[in-house]
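Q: Note that the sequence shown covers residues 2 to 222 in the numbering used here.
This is the structure I have questions about; it appears just below.
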Amino acid sequence: MAPFGKIYSYPGNFRVQRAQVVAALNGLEVSVPEDFKMGETNKSPEYLSKFPMGKVPALECADGFCLAEGAAICRYLASVGPKASQLLGADPKTQARISEWSFFAETELTTNVLPPFLMCVFKLEPFDEGRYNKHLGNVERACKRVETAVAGGKKHLVGDELTLADIMVAGILFWAFKFFIDAEMRKGLPNAVAWVQNVAETKEFKDVFGTLEMCETRTKA
Numbered sequence: 002m003a004p005f006g007k008i009y010s011y012p013g014n015f016r017v018q019r020a021q022v023v024a025a026l027n028g029l030e031v032s033v034p035e036d037f038k039m040g041e042t043n044k045s046p047e048y049l050s051k052f053p054m055g056k057v058p059a060l061e062c063a064d065g066f067c068l069a070e071g072a073a074i075c076r077y078l079a080s081v082g083p084k085a086s087q088l089l090g091a092d093p094k095t096q097a098r099i100s101e102w103s104f105f106a107e108t109e110l111t112t113n114v115l116p117p118f119l120m121c122v123f124k125l126e127p128f129d130e131g132r133y134n135k136h137l138g139n140v141e142r143a144c145k146r147v148e149t150a151v152a153g154g155k156k157h158l159v160g161d162e163l164t165l166a167d168i169m170v171a172g173i174l175f176w177a178f179k180f181f182i183d184a185e186m187r188k189g190l191p192n193a194v195a196w197v198q199n200v201a202e203t204k205e206f207k208d209v210f211g212t213l214e215m216c217e218t219r220t221k222a
């Protein structure tokens, strides 16, 4: 397999992990350079010439095509392989629904999961009880939307096969389950829990993310 490209980022970035799952499903060889140093590599003139905002993750393809923004990278990798129609949908309405869930993952989940992470896991921001509770309340609300969508034992958010929608949403929930979506919250989310467990057991997903862990009590400062 010829190398398709490489993704620059710091270790353990869930946005990179989601892209790696998509790449694996499409049979694309995408590497993550180990010598990348956040705050150094992404501020170098060479890096900024390719990615002017200095953001990560950032994809550099073997043909010279460069792309930033995690969701855009995932969508591009989904579009350039043999499973493109499965991952992105074969008709306009299915494609729109998959896009809806992909945006949902970013606007409803990621924006609310990351602040508690920064406060309680990475310790990069001071703990604020009000913000913490507000964001996790929003996470629970978003999870209830997933709960409704997969009611009745549905294994996928859109259609009958794994799509980018599942990868985008499960990719952030994988880490939210480990630290914040505790046993008490999960009591009201039986369908969502079963759905995440199913996605997490997909070979390509598990190879990248590892084994799903679910916390008993949520992480606090």
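Where a beta carbon is used, it is the ideal one built from N, C-alpha and C, also for glycine.
Here the structure is a predicted model, which is why all the values come from computation and not from measurement.
(1) Under a Cβ-count criterion, where at least 16 other Cβ atoms within 10 Å of its own Cβ denotes burial, should Gly131 be classed as buried or exposed?
(2) Taking C-alpha atoms, which residue in Val170, Val57, Ala193, Ala177 lies nearest to Leu115?
(3) Mind checking which residues open and close the beta strand (DSSP E) that includes Glu30?
(4) Suppose only complete runs of 4+ residues qualify. What are the alpha helix (DSSP H) ranges in the region 173-212, listed by chain order?
(5) With distances taken from CA atoms, which of Pro83, Val194, Glu107, Leu158 is nearest Asn139?
(6) Quick check: what's the CA-CA separation for His136 versus Ala3?
(7) Once DSSP output is grouped into helix, strand and coil, what is the label at Glu61?
(8) Counting along the chain, where does the beta strand (DSSP E) carrying Met5 start and finish?
(9) In the DSSP assignment, the alpha helix (DSSP H) including Cys75 goes from what residue to what residue?
(10) Measure how close the beta-carbons of Trp196 and Val159 come, nearest whole angstrom, since I'm counting them as under 8 Å.
(11) Determine the extent of the alpha helix (DSSP H) in which Lys44 is found, giving its start and end residues.
(12) Give the single residue among Leu125, Glu61, Cys62, Ala72 whose Cα lies nearest to the Cα of Val170.
(13) Taking its Cβ as the centre, do 16 or more other Cβ atoms sit within 10 Å of Asp161, making it buried, or is it exposed?
A: The structure says:
(1) exposed
(2) Ala177
(3) 30-32
(4) 184-187, 191-201, 204-210
(5) Glu107
(6) 43 Å
(7) strand
(8) The sequence given here places Phe at residue 5; Met does not occur at that position. Here the beta strand (DSSP E) through Phe5 covers 4-9.
(9) 71-80
(10) Actually they are not in contact, since the Cβ atoms of Trp196 and Val159 sit about 12 Å apart, beyond 8 Å.
(11) First-last for Lys44: undefined, no H or E at that position.
(12) Ala72
(13) exposed
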